[in-house]
């Protein structure tokens, strides 16, 4: 079995809930559902769902980088949207990052996220090509 590495966002609820921002096993990296939440309340972007999407993807990019991956390695994304009538705003923001990469993607309309101000949550899975990137020393062994 490949070594398991975890990436923390530093969120206070990670140990309580029992999750990591990202997990890397071998060349596979999974990034947990990511929002634009601020620790002191309210999301980055306010009620701008496109900006919340961009911020979530920027945070995903940072987690991937810490795990030794890049956005170009993303093979799948999932977008959870609290107001599916705004799907096009979310989709366009997603496309700003992934238009050339074109991962398999799903967008789902959901009732709510953990805070009512959060309008979108994004997950991503990536596969690092063999031999392309060294393991990142910033990850924690699980």
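Residue numbers (my numbering): 1 to 142. Cβ coordinates follow ideal geometry from the N, Cα and C atoms, glycine included.
8 Å Cβ shell around residue i - same chain, five flanking residues per side excluded
{"i": "residue 47", "result": "117, 119"}
Reduced DSSP secondary structure (H/G/I, E/B, other) of residue i
{"i": "residue 159", "result": "Lying before the first or after the last residue shown, residue 159 is absent from the chain, which here runs from 1 to 142."}
{"i": "residue 61", "result": "helix"}
{"i": "residue 30", "result": "strand"}
{"i": "residue 92", "result": "helix"}
{"i": "residue 21", "result": "coil"}
{"i": "residue 16", "result": "helix"}
{"i": "residue 70", "result": "coil"}
{"i": "residue 102", "result": "coil"}
{"i": "residue 142", "result": "With a pLDDT of only 49 at residue 142, under the threshold of 50, the placement of this residue in the model should not be trusted; the figure read from the coordinates follows. Coil."}
Sequence-distant residues of the same chain with beta carbon closer than 6 Å to residue i, five excluded per side
{"i": "residue 63", "result": "7, 21, 22, 31"}
{"i": "residue 52", "result": "36, 43, 45, 119, 120"}
{"i": "residue 78", "result": "106, 123"}
{"i": "residue 103", "result": "74, 75, 76, 77"}
{"i": "residue 128", "result": "27, 69, 73"}
{"i": "residue 89", "result": "49, 50"}
Residues bridged to residue i (per DSSP)
{"i": "residue 108", "result": "80"}
{"i": "residue 43", "result": "37"}
{"i": "residue 122", "result": "34, 79"}
{"i": "residue 4", "result": "25"}
Close beta carbons around residue i, own chain, < 7 Å, minus the five adjacent residues each side
{"i": "residue 70", "result": "64"}
{"i": "residue 19", "result": "32"}
{"i": "residue 109", "result": "81, 84"}
{"i": "residue 87", "result": "81, 107"}
Do the segment 47–58 and the segment 90–107 touch if we need at least three Cβ pairs shorter than 8 Å? The answer is yes - the segment 90–107 touches the segment 47–58, with three or more Cβ pairs under 8 Å.
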